[in-house]
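Okay, so here's the structure we're looking at.
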Amino acid sequence: MLRFVPILTLVLMIGPVSAGLIGTILPAFGILPALGRTTPSLDPWQALFAQPGLGTSIRLSFVNGLIATAISVAIVMLFCSAWQGTRIFHAMQRVLSPILSVPHATAAFGLAFLIAPSGWIVRVVAQVAGWERPPDIAIIHDPWGMALIAGLVAKEIPFLFLMTLSALPQADTDRTAQVTATLGYGRITGWFKATLPRIYPQIRLPVLAVLAYSTSVVDVAIILAPTTPAPLAVRILGWLSDPDLGLRFMASSAAVLQLLIVIAAMAVWIAGERIISALGRYWAEDGHRFKKDVALRGLAATMALVAAGAVVLGLIVLLVWSVAGFWAFPDLLPRGFSLRLWARELDAIGSSLTTTLLIGIPAVLVAVMLVLACLENEVRTGKAAGRQAMLLIYLPLLVPQISFMFGLQVFFTLLGLERTLLSVVLGHLVFVAPYVFLSLSEPFHALDPRYGQTALCLGASPARVFWQVRLPLLTRAVLTAAAVGLAVTVGQYLPTLLIGAGRFATVTTEAVALASGGDRRMIGIYGLLQMVLPFAGFALALLIPAVLFRHRRGMGAQNKG
Numbered sequence: 014m015l016r017f018v019p020i021l022t023l024v025l026m027i028g029p030v031s032a033g034l035i036g037t038i039l040p041a042f043g044i045l046p047a048l049g050r051t052t053p054s055l056d057p058w059q060a061l062f063a064q065p066g067l068g069t070s071i072r073l074s075f076v077n078g079l080i081a082t083a084i085s086v087a088i089v090m091l092f093c094s095a096w097q098g099t100r101i102f103h104a105m106q107r108v109l110s111p112i113l114s115v116p117h118a119t120a121a122f123g124l125a126f127l128i129a130p131s132g133w134i135v136r137v138v139a140q141v142a143g144w145e146r147p148p149d150i151a152i153i154h155d156p157w158g159m160a161l162i163a164g165l166v167a168k169e170i171p172f173l174f175l176m177t178l179s180a181l182p183q184a185d186t187d188r189t190a191q192v193t194a195t196l197g198y199g200r201i202t203g204w205f206k207a208t209l210p211r212i213y214p215q216i217r218l219p220v221l222a223v224l225a226y227s228t229s230v231v232d233v234a235i236i237l238a239p240t241t242p243a244p245l246a247v248r249i250l251g252w253l254s255d256p257d258l259g260l261r262f263m264a265s266s267a268a269v270l271q272l273l274i275v276i277a278a279m280a281v282w283i284a285g286e287r288i289i290s291a292l293g294r295y296w297a298e299d300g301h302r303f304k305k306d307v308a309l310r311g312l313a314a315t316m317a318l319v320a321a322g323a324v325v326l327g328l329i330v331l332l333v334w335s336v337a338g339f340w341a342f343p344d345l346l347p348r349g350f351s352l353r354l355w356a357r358e359l360d361a362i363g364s365s366l367t368t369t370l371l372i373g374i375p376a377v378l379v380a381v382m383l384v385l386a387c388l389e390n391e392v393r394t395g396k397a398a399g400r401q402a403m404l405l406i407y408l409p410l411l412v413p414q415i416s417f418m419f420g421l422q423v424f425f426t427l428l429g430l431e432r433t434l435l436s437v438v439l440g441h442l443v444f445v446a447p448y449v450f451l452s453l454s455e456p457f458h459a460l461d462p463r464y465g466q467t468a469l470c471l472g473a474s475p476a477r478v479f480w481q482v483r484l485p486l487l488t489r490a491v492l493t494a495a496a497v498g499l500a501v502t503v504g505q506y507l508p509t510l511l512i513g514a515g516r517f518a519t520v521t522t523e524a525v526a527l528a529s530g531g532d533r534r535m536i537g538i539y540g541l542l543q544m545v546l547p548f549a550g551f552a553l554a555l556l557i558p559a560v561l562f563r564h565r566r567g568m569g570a571q572n573k574g
């Protein structure tokens, strides 16, 4: 039965995406039997192109997504090339890893509280400049979407950095750096000429996933992006949530347009890759060493530290606002602290946390079981996932959520699962499983095969080898993958809102709903709640192996690796 699990896993990930796309494309051309429309029509597209500000919405999605992705990739590549193998590199690895668990909406709220006209940064400047009122500048929701770009860059850098870390050992980068240094190349130049061409193909899919997310993001855009008009994905959500059911057709055509925007952005990115590759070949062969790169190395470290520092400071600001009393501008801290609001919202907080866990825990457990079964099947058959399989695994991350969520909602309605907990869990599983696979596959493949071979030689069955040898040795890796999955499911906004039809109030849906209001204390509370669950998951991933194997030195060492 084990050999059928990979097929089942792909069906659970690809099936909802395919069904969702079909359920979106048909209404986009006027076909939705549930609303009595069975004749193809272009009326939804005519209504869409008649919408005011549509060109601006498309520009905000397309251009800002490309810019945010390009900046994120550039910072990560520069930092890795400048500091790989140094103490700063390892320190940044320890800093950025926990940031990866912070949901996008939480990071966006924290950044908003930092850079807003009455935010912490302006308050610090006001102390020096003597300002008594906040400047009248549109920093949040600025018309060009600069705040949106900043929020996306700050949150995507940790993801791309960790994906790059997993690719570095496969390219034997340490010895490559020694060779380029021996030939007289500067650290950055040698890395870009000799290492980058070998690791970039391995991180291309994560980069494209970041691009797809950046061009179609909803929750971060609601918090940071312009509102008149908003990026296309935000406007689609508004049309889907409108009481007028007739807008579902126009919303579906807009969702198809959003998919085309993502495809166009990927085409531009891939074209850019080929241009840079062609130019880079001549640059790699020109012999220039560029030894004097101290200033560029300092710039790379500064940009990485700013990105990490913005998220960390933003979380601190959220914490302060959640317990703040009266806080007038330009005071750096509130004049008093109070837990009164926490006490008042205790019942609502408990309800949203319970709902979040009721959705998240089943999704994570199913994802971990499926991924473990797939990886164990690879070990027994000797066939690892190829490039095509990895593309299918990444497919839910490459297709914009807003482009298939409405269709998936329609599909669940046909199955009689609309607005049920099961449908929301399945919707989350589509996005949790790829991240769990990415987190667990490398540790699983890196495990010394001699442990299993020795057990088999002693007469143990393959199933016993898995349960009593491989799984105990991978306890920490499995728990870490589960913690990553929990962080992913906690941050899911669209699947919870659309598939659940607003009936399931999680910490993320509550936090984003508060974005349109001005109560920073409430936003601080729910922003922190978004962060608490992922952090608790990672803390347990560290604590449980330490307790389980405290009397087994070898097992403890294995689970620290």
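Under our numbering, the residue at position 274 of the sequence shown is numbered 287, and the numbers go up by one with no gaps. Idealized CB from N, CA, C, for every residue including glycine.
(request) Would you check if the region 504-519 and the region 451-470 touch, i.e. whether three or more CB-CB distances between them fall below 8 Å? (result) no
(request) Locate the alpha helix (DSSP H) running through Ile134, then write down its first and last residues. (result) Trp133 to Ala142
(request) Closer than 7 Å by C-beta to Ala184: which residues in its own chain qualify, once you throw out the five before and the five after it? Chain order, please. (result) Thr208, Arg211 and Ile212
(request) Using DSSP bridges, identify the partner residues of Arg50. (result) Leu45
(request) Taking the CB atoms as reference points, tell me whether Tyr464 and Leu218 lie closer together than 7 Å. (result) no
(message) With a threshold of 8 Å on Cβ separation, who are the neighbours of Leu553 within its own chain once the five nearest residues in sequence on each side are excluded?
(response) Leu492 and Ala496
(message) On a Cα-Cα basis, can you pick out the residue from Ala264, Ala402 and Ile557 that is closest to Gly36?
(response) Ala264
(request) Please determine if the region 276-292 and the region 78-96 are in contact, where contact requires at least 3 C-beta pairs separated by less than 8 Å. (result) yes
(request) List the DSSP bridge partners of Phe350. (result) Ala337
(request) Report buried or exposed for Ile216, applying the criterion of at least 16 other Cβ atoms within 10 angstroms of its Cβ. (result) buried
(message) Tell me the residue span of the alpha helix (DSSP H) that contains Ile201.
(response) Arg200 to Gly203
(request) Give a yes or no on whether the C-beta atoms belonging to Ile600 and Ala118 are separated by under 7 Å. (result) Given a span of 14 to 574 for the chain in the structure shown, any question on residue 600 remains unanswerable.
(request) State buried or exposed for Arg107, treating a residue as buried only when at least 16 other CB atoms are found within 10 Å of its CB. (result) exposed
(request) Answer yes or no: do Gly550 and Ala380 have a C-beta to C-beta separation smaller than 7 Å? (result) no
(request) Please report how far the alpha carbon of Asp344 lies from the alpha carbon of Arg136, in whole angstroms. (result) 7 Å
(message) Less than 7 Å between the beta carbons of Pro242 and Ser70, yes or no?
(response) yes
(request) Please work out which residues of its chain come closer than 7 Å, Cβ to Cβ, to Pro239, disregarding the five sequence neighbours upstream and downstream, and give them in chain order. (result) Leu73, His154, Asp155, Pro156 and Gly158
(request) Measure the alpha-carbon distance for Leu486 versus Pro462 and round it to whole angstroms. (result) 12 Å
(message) Can you list, in chain order, the residues of its chain with a C-beta nearer than 7 Å to that of Gly66? Leave out the 5 residues immediately preceding and following it.
(response) Pro242
(request) Assign Tyr506 to one of three DSSP states: helix, strand, or coil. (result) coil
(request) Could you have a look at Ile283 and say whether DSSP puts it in helix, strand or coil? (result) helix
(request) Give every residue of the same chain whose Cβ lies closer than 8 Å to the Cβ of Ala180, excluding the five residues on either side of it in the sequence, and list them in chain order. (result) Ile212, Gln215 and Ile216
(request) Go ahead and label Leu161 buried or exposed: buried means 16 or more other beta carbons lie within 10 angstroms of its beta carbon, across all protein chains shown. (result) buried
(message) Using the Cβ count rule (16 or more neighbours within 10 Å means buried), how would you classify Met382?
(response) exposed
(request) Keeping to the same chain, check which residues put their C-beta closer than 7 Å to that of Val275; ignore five residues upstream and five downstream. (result) Ala225, Thr228, Ser229 and Pro413
(request) Could you pull the start and end residues of the alpha helix (DSSP H) that Asp299 belongs to? (result) Careful: Asp299 lies outside any alpha helix (DSSP H) and carries neither H nor E.
(request) Could you tell me whether the Cβ atoms of Val330 and Leu127 are closer together than 7 Å? (result) yes
(message) Can you confirm whether the region 529-542 touches the region 247-267 when touching is taken to mean that 3 or more C-beta pairs between the two stretches lie within less than 8 Å?
(response) no
(request) Mind reading off the beta-carbon distance from Ala386 to Val18? Whole number of angstroms is fine, and I expect it under 8 Å. (result) 4 Å
(request) Kindly indicate the opening and closing residues of the alpha helix (DSSP H) around Ser452. (result) Leu434 to Ala459
(message) Starting from Thr522, trace the alpha helix (DSSP H) in both directions and tell me its first and last residue.
(response) Val520 to Ala526
(request) Kindly indicate which residue of Val233, Gly420, Ser266 and Ile362 has the alpha-carbon position closest to the one of Ala63. (result) Ser266
(request) Tell me whether Trp96 is buried or exposed, calling it buried when 16 or more other Cβ atoms sit within 10 Å of its Cβ. (result) buried
(request) Could you check how far apart the C-beta atoms of Gly199 and Arg302 are, in whole angstroms? I think they sit under 8 Å. (result) 6 Å
(request) Please name the residue in Met105, Val503, Pro558 and Leu245 whose C-alpha comes closest to that of Pro375. (result) Val503
(request) Quick one: grab the DSSP three-state call for Gln422. (result) helix
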